[in-house]
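Going down the list, the sequences are from chains V and H. Residue numbers 1 to 349, in this note's numbering, belong to the letters of the first sequence in order. Residue numbers 1001 to 1193, in this note's numbering, belong to the letters of the second sequence in order. The beta carbon of each residue, even a glycine, is placed where N, CA and C say it ideally should be. All of these numbers come straight from a predicted model, not from anything done at the bench. Written below as structure tokens is the structure these notes are about.
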Amino acid sequence: MTSNPQRLLERRGQGLAATLLRAGCEERPSSESTRRTLIAMGVTTIVGSAAGEAAGGAGAVVSGLAGSTAAKVGASSISLAFAAKWVAIGGLSGLVAVGAATELAGPRPPEPSASALHLTIPLPASAVASERHASSQQPQRPPVAVDDGAPISFPPHTAVSPGSAHGAAERAPMGLEPNASRREPMQPPPVASPEASPLTRDRAMTPAAGETPPTPAAPSIAVPWRRERAVAARGTLVAAAEPPPDGDDPQPRVGGSEVTLRLNSQVVLIDGAWAAVKQHDAAAALRALSGYEQTFPSLDLHPEVLFLRVTAEDALGHKLGARAEAARIVALYPQSVQAKRARALLALP
Amino acid sequence: MVGVARPLVVEDWPGAAVPERSERLAAIARQHFDYVWRLLRRLGLSQSDADDVTQQAFLVASRRLDDIRPGSERSFLYRTALNSAYKHRRSHERRREDELDELSLAIPGDPGLEELVDRRRARVILDAVVETMPMDLRVVFVLFEIDGLSTQEIADVVGIPLGTVASRLRRGRAEFENCVARLEARRQHVGAK
């Protein structure tokens, strides 16, 4: 049996060799890198130290359930020392989310007020068509507040032409057919049980089957979000927030908690959309993600969102749409992990 | 119409971790992320490349989590990262020794160790030194001297006999010490001028 020799660093406590080796041992990856990897793996609770606060934000919009679930997962995955804290956060976020869902699902249409924030999620025309298809088979319900949505405006550094929210293949920079009419028509999404899908359970962010938007072109749903609840949820944020990620960020950075709030909101949005895809409700996932660029202009998790759109489009049988989104990933984030998968999808080297 | 190469499945989504798996994944990441990233850095990858490759390694681990036996996560991650590093290596030439000399001359003034307390500079020199080694020696050297693996663990990770590990470690050390000695001599020579 070979015994381990003594390490150079132990043998030579000082000197150039030891200094070099010590420097090598001390180097660490950035917390941003670690966080991104965890998010990519789906281990979102590390960021979400406050899934609770996210549930008050986009979490409430996307899925209150996702928020409370993430908080629970967070409680178990982070160290035991914090378990009690996260359970409390999870409970609070659950209350916030349930409260928001109750309010939004109630018969009273939301009234714009000074104390309410409006998160606008524009819907693609195809999604509206899908909703109409579904609504023709189900009893009508009073629509939620709907206003005309603006087309998605891509940030200045976006290299592809903006196009409409989800339809036009003109966004695709890879020589895909620009004729949107050649895309396969979107099939009505399979009906998922309310218990199965957080997105279908919480219809706050998407119109219910009977809630047909009145305008055909990229409408959006204005979802009120009580500022008081947002502030209360934000109060649960960890004081030591992660440093803001690098890159263009047109949003002013007030403090670490703002960044954490923003990231967590995006994580919850993605989690909710992903849950919808898994529950065979890809159309709901696309609707949830359709306003991402507008809602989060910092685009912190844009590659993940684009890849999720690829998955959702593909699940709906929209091969061209999936390829267009994959092409966007390759064009915008050529070095990302998602680009590798996108290239495989596009059969590119 | 252009067809899709292959249908996407739910598992293609990198974030397809269900809550039960998340806990294990989080634990693996907490335990090993820094080590894997550091290994890649010492094997010559830039910070951003190390970020990407580390992420890839963990995504592979997340996809194949069910295949990874508890306790062998580190070996799996290191093996995956090493494969990526080898691929990366093929596209990058080894640093030439004359470059290393130039690098050592770039250390200004009296070459006291205080200068090298600047860890960033020390890391640059360390990278330059280990980059002069052949890859097979470098892997063993870095895993043993910097990542702190035992020779048995290195044998498992790299997939070579224990004796080969010992031999490569010995040669890697000799190269490292020669290089450091040459650096010191060079700097003293320049400092004396």
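Within the stretch 1122-1139 of chain H, those residues whose Cβ lies closer than 7 Å to any Cβ of chain V are, in chain order, 1122, 1123, 1125, 1126, 1129.
DSSP, reduced to helix, strand and coil, places residue 1068/H outside both helices and strands of the structure shown, so it counts as coil. For residue 28/V, the three-state secondary structure derived from DSSP is coil.
Along the stretch 17-31 of chain V, the positions whose C-beta sits under 7 Å from a C-beta of chain H are 17, 19, 20, 21, 23, 24, 25, 26, 27, 28, 29, read in chain order. Closer than 8 Å to the CB of residue 1038/H there is at least one CB belonging to chain V. Neighbours of residue 266/V in chain H, taken as residues whose beta carbon is under 7 Å from its own, are absent, since the nearest beta carbon is some 12 Å off.
Interface residue (Cβ-Cβ distance to chain H less than 8 Å): residue 33/V is classified as such. Under the three-state reduction of DSSP, residue 4/V is assigned to coil, being neither helix nor strand. Under the 8 Å criterion on CB atoms, residue 1158/H is classed as non-interfacial with respect to chain V. At a Cβ-Cβ threshold of 8 Å, residue 293/V and residue 310/V do not count as neighbours. Spanning the alpha carbons of residue 19/V and residue 1146/H requires a straight line of approximately 12 Å. Of the other Cβ atoms in all chains shown, fewer than 16 fall within 10 Å of the Cβ of residue 1087/H; this residue is therefore exposed. Per the C-alpha coordinates, the member of 1051/H, 1075/H, 1063/H, 1180/H positioned closest to residue 37/V is 1051/H. The shortest C-alpha to C-alpha distance from residue 307/V to any of 264/V, 27/V, 40/V, 15/V is the one to 40/V. For residue 8/V, a Cβ of chain H is located within less than 8 Å of the residue's own Cβ. Distance from the CA of residue 1184/H to the CA of residue 24/V, rounded to the nearest whole angstrom, comes to 18 Å. Taking a contact as a CB-CB distance under 8 Å, the pair residue 1157/H and residue 1079/H counts as one, their CB atoms being some 6 Å apart. Using beta-carbon distances, residue 1025/H counts as an interface residue toward chain V, with a partner under 8 Å.
Secondary structure note for residue 297/V: it is in no alpha helix (DSSP H), with a DSSP letter that is neither H nor E. Close CB contacts of residue 1061/H within its chain, under the 8 Å cut and outside five residues either way in sequence, are with 1025, 1028, 1068, 1073, 1076, 1077, 1080 (chain order). Apart from sequence neighbours up to five positions away, the residues of its chain that approach residue 1149/H with a beta-carbon distance below 6 Å are 1143, ordered along the chain. A check of alpha carbon separations from residue 302/V across 8/V, 10/V, 336/V, 319/V identifies 336/V as the nearest. Residue contact check for residue 38/V against chain H: a CB pair falls below 8 Å. Scanning chain V for C-beta atoms nearer than 9 Å to the C-beta of residue 1177/H yields 8, 17, reported in chain order.
Closest by C-alpha distance to residue 1071/H, out of 1159/H, 1153/H, 1123/H, is 1153/H. Its Cα nearest to that of residue 299/V, the residue 269/V stands out among 275/V, 283/V, 269/V.
The beta carbon of residue 1075/H sits no closer than 8 Å to any beta carbon of chain V. Residue 1174/H counts as exposed, since fewer than 16 other beta carbons sit within 10 angstroms of its beta carbon. For residue 335/V, at least one C-beta of chain H is nearer than 8 Å to its own C-beta.
The Cβ-Cβ distance between residue 1129/H and residue 1042/H does not fall below 8 Å. The C-beta of residue 1060/H comes no closer than 8 Å to any C-beta of chain V. Where residue 1147/H is concerned, there is no enclosing alpha helix (DSSP H), because DSSP gives it neither an H nor an E. Nearest to residue 320/V by alpha-carbon distance, out of 345/V, 4/V, 339/V, is 345/V.
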